[in-house]
Each structure stands twice: as structure tokens, then as C-alpha cells.
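A short worksheet on the structure shown next.
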Amino acid sequence: MYPFVNPASDSSFHALAAIFSKDLTKAREFYRKAGELGCAAGYANLGKVYEFETKDMNKAKHYYSLGTMMGSVHARGNIGTIEEAAGNDQRAFKHYLIAAKSADKLCLDKVTEGYKDGLVTKDEYAYAFRTYQKSLDDTKISGRGQAAAYHITVRLRMPFLEKDGLQNVNQMALHE
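Using my numbering, the first residue of the sequence shown is number 1, and each one after it goes up by one.
Okay, structure coming up:
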């Protein structure tokens with residue numbers, strides 16, 4: 001099939017969709033399959049295809065909703081954008097508030113605009129800002145822990161990296 005692609009993996013279908021991004025039919029097929037396998041970004045990107053390529057807002061919103069239900073913060077922000085464009089400001093800012101609480105900077109900026117325009121209360125804005133900061137801090141701490149665990153795992157499994165460097169791993173992957 002394709003090098004370094006595991007067809008049983010949701011992220012592999014997501015990667016294939018990126019490869020076939022010029023062929024919208026194939027891209028939609030792979031994004032849909034990635035979503036069905038549990039990849040929230042697959043549904044979120046399928047929503048983007050419908051929103052920006054085919055201009056079908058109903059399908060875009062449908063797939064963004066599926067991505068949101070699976071935990072995609074970006075899909076949540078995109079639903080907010082669609083609602084705002086449709087004139088549903090209250091709905092839009094509910095989505096922006098939820099996404100901002102999950103460390104989405106663009107949505108926090110939208111919440112800030114909403115506060116300035118009187119669409120978001122001071123308490124909602126303050127709570128969104130505090131939870132944005134906390135979520136950001138948690139992500140940084142979690143990321144550090146994951147990176148440390150990864151480096152320990154790499155050293156345990158591949159001790160030759162200490163002397164030969166990562167370049168040899170790439171060469172080995174090409175020859176497998």
C-alpha cells in the first residue's frame with residue numbers, strides 16, 4: 001500500500017487524507033474512515049472540506065458536531081464560527097467559551113471580543129480566561145511528562161542512539 005501507513009490506524013487514514021488532499025473524493029473518504037475509527041480530527045477536517053471546498057455548511061456543521069462529540073476543540077470553535085456567521089451570536093459564544101476553556105487561543109480571542117461587545121458577561125470572561133490558563137498549564141506539564149517518558153523509552157529500546165544519533169534511525173526505517 002503506502003509506506004509507513006498502518007491501515008488499521010485512525011491516524012493513518014488521517015495521513016492518507018492529507019496525501020490525497022488534491023482529490024477531494026479520496027480525502028473525504030479517508031477523513032470519514034478516520035472519524036469512524038475514533039479520530040476526532042478526521043471528522044473536524046471533513047467538516048473543513050465541506051465548509052471551505054464544497055461550501056456545504058449543513059454537512060460541515062454535522063461533521064464538526066461529530067468531531068466535537070469526540071473531543072475536538074477546533075471543531076467546537078468552527079461550529080462557533082458557523083453560528084456567528086448565521087447570526088446566532090449566543091450559540092456561537094457558548095461554543096467559543098467551551099473551546100476557550102480547553103486552551104484554544106483563537107476562541108479565547110473571540111470571547112474577549114464578545115466581552116467587549118457585551119455578548120459575554122464579565123464572570124463568563126473571567127472564568128474562561130482562568131480555565132484557559134489552567135488548561136494551558138496542564139498541557140505544558142503533561143507534555144513535559146510525555147516527552148520525558150518518550151526519551152526514556154527511546155533510550156531503553158534503542159541505546160545506540162546515544163552514540164549514533166537519530167539520523168541512523170531514519171536510515172534504518174528506510175531500509176526496513
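Glycine is no exception: its CB is placed at the ideal position from the N, C-alpha and C atoms. This structure is a prediction, so every number in the text was calculated from the model and none was measured.
Span separating the alpha-carbon of residue i from that of residue j
i    : j    : result
A41  : A126 : 29 Å
E83  : A92  : 5 Å
T139 : D104 : 12 Å
Y31  : E51  : 14 Å
F129 : G114 : 13 Å
I98  : T112 : 13 Å
T25  : K55  : 15 Å
A75  : K59  : 13 Å
G118 : D23  : 43 Å
T68  : A44  : 8 Å
D123 : E53  : 38 Å
M57  : D137 : 34 Å
L46  : Y64  : 8 Å
DSSP-derived helix/strand/coil call for residue i
i    : result
L66  : helix
A149 : The pLDDT assigned to A149 is 48, lower than 50, so where the model puts this residue is not dependable; a value taken from the coordinates is nonetheless given after this. Residue state, collapsed to three classes: helix.
Y96  : helix
G118 : coil
N45  : helix
R157 : For R157, the pLDDT reaches just 42, beneath the cut-off of 50, and the residue's location in the model is therefore unreliable, leaving the point undetermined.
N88  : coil
A103 : coil
D23  : coil
Host alpha helix (DSSP H) of residue i (start-end)
i   : result
A85 : V73 to A85
N53 : Position check: residue 53 holds Glu in this sequence, whereas Asn was assumed. Segment: none, E53 is in no alpha helix (DSSP H) and carries neither H nor E.
C39 : Premise fails: C39 is in no alpha helix (DSSP H) and is neither H nor E.
Candidates the options, of which the one nearest residue i by Cα
i    : options                 : result
G38  : F52, A103, G71 and T112 : G71
K178 : A75, A100 and L106      : The question about residue 178 has no answer, for the chain in this structure spans 1 to 176.
Y132 : G80, M57, T121 and Y96  : Y96
D89  : K110, A27 and Y64       : K110
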